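Peer 1: Each residue of the sequence shown is one higher than the one before, counting from 1 in my numbering.
From the three backbone atoms N, C-alpha and C, an ideal C-beta is built for every residue, glycine too.
Just so it is clear, the structure is predicted and the values come from calculations on it, not from any experiment.
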Amino acid sequence: EASQARRGGEDKAAAWLARTERESLERRIAHLGSQLDEARLSNQRLHEAHLRLEAEVRERRAAVDDAQHALASEQAAAEARSADAVRELERLKLEMERRHAEAGRREEALLRARDEAAAAAAAAQR
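1) Taking the alpha carbon of Leu110 as the point to measure from, which residue in Asp37, Arg81 and Leu46 has its own alpha carbon closest?
2) Within 10 angstroms of its Cβ, does Arg114 collect 16 or more other Cβ (buried), or is it exposed?
3) What does the alpha-carbon distance come out to for the pair Arg58 and Arg106?
4) Roughly how many whole angstroms lie between the Cα atoms of Arg126 and Ala39?
5) Under 8 Å: do the stretch 44-53 and the stretch 90-105 share three or more Cβ pairs, one atom per stretch?
6) Where do the N-terminal and C-terminal ends of the alpha helix (DSSP H) with Ala63 fall, by residue?
7) Taking the alpha helix (DSSP H) that Glu74 belongs to, which residues open and close that run?
8) By the 10 Å Cβ neighbour count, where 16 or more other Cβ atoms means buried, how is Ala117 classified, buried or exposed?
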């Protein structure tokens, strides 16, 4: 009877530990899900900014073309402005691509972490 009581106590303790671990994993899943949502929102904002910058690039390129045609007599000045604008546009484009790639890597890491936590939670429930 004492052995059975001890075993019952051990079972209760094991169940409490399993429940505590499951609750901890569920909180971790919720936290990672929240981080994933934030990363997705950030990625969406970066994507929208990237699209705006691409439109700005097109506008600037059009402005550069117009300036070159309008200022044919000032060819040297127009070429200098054009080169500056192209360099700046390329810099902006590279920066947005870098940010976009970084956001993608963060999203992948968060997805992996969420999936691992979910797998651990599922394993803990078994």
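Peer 2: Checking against the coordinates, here is how it stands:
1) Your numbering for residue 110 matches position 110 in the sequence shown. For the residues Asp37, Arg81 and Leu46, the minimum Cα distance to Leu110 belongs to Asp37.
2) Taking the first residue of the sequence shown as position 1, residue 114 is located at position 114. Counting C-beta atoms within 10 angstroms of its own C-beta, Arg114 has 16 or more neighbours from the protein chains shown and is therefore classed as buried.
3) The sequence position of residue 58 within the sequence shown is 58, counting from 1. The sequence position of residue 106 within the sequence shown is 106, counting from 1. If I take the Cα positions, the gap works out to 29 Å.
4) The residue you call residue 126 lines up with position 126 of the sequence shown. The residue you call residue 39 lines up with position 39 of the sequence shown. The alpha-carbon atoms of Arg126 and Ala39 are separated by roughly 31 Å.
5) Taking a cut-off of 8 Å on C-beta distances, the stretch 44-53 touches the stretch 90-105, as three or more cross pairs fall below it.
6) To locate residue 63, count along the sequence shown from 1; it is residue 63. Note, Ala63: alpha helix (DSSP H), Ala2 to Ala70.
7) In the sequence shown, the residue the question calls residue 74 occupies position 74. No alpha helix (DSSP H) contains Glu74, which DSSP labels as neither H nor E.
8) Locating residue 117 in the sequence shown gives position 117, counting from the first residue. Buried is the call here.
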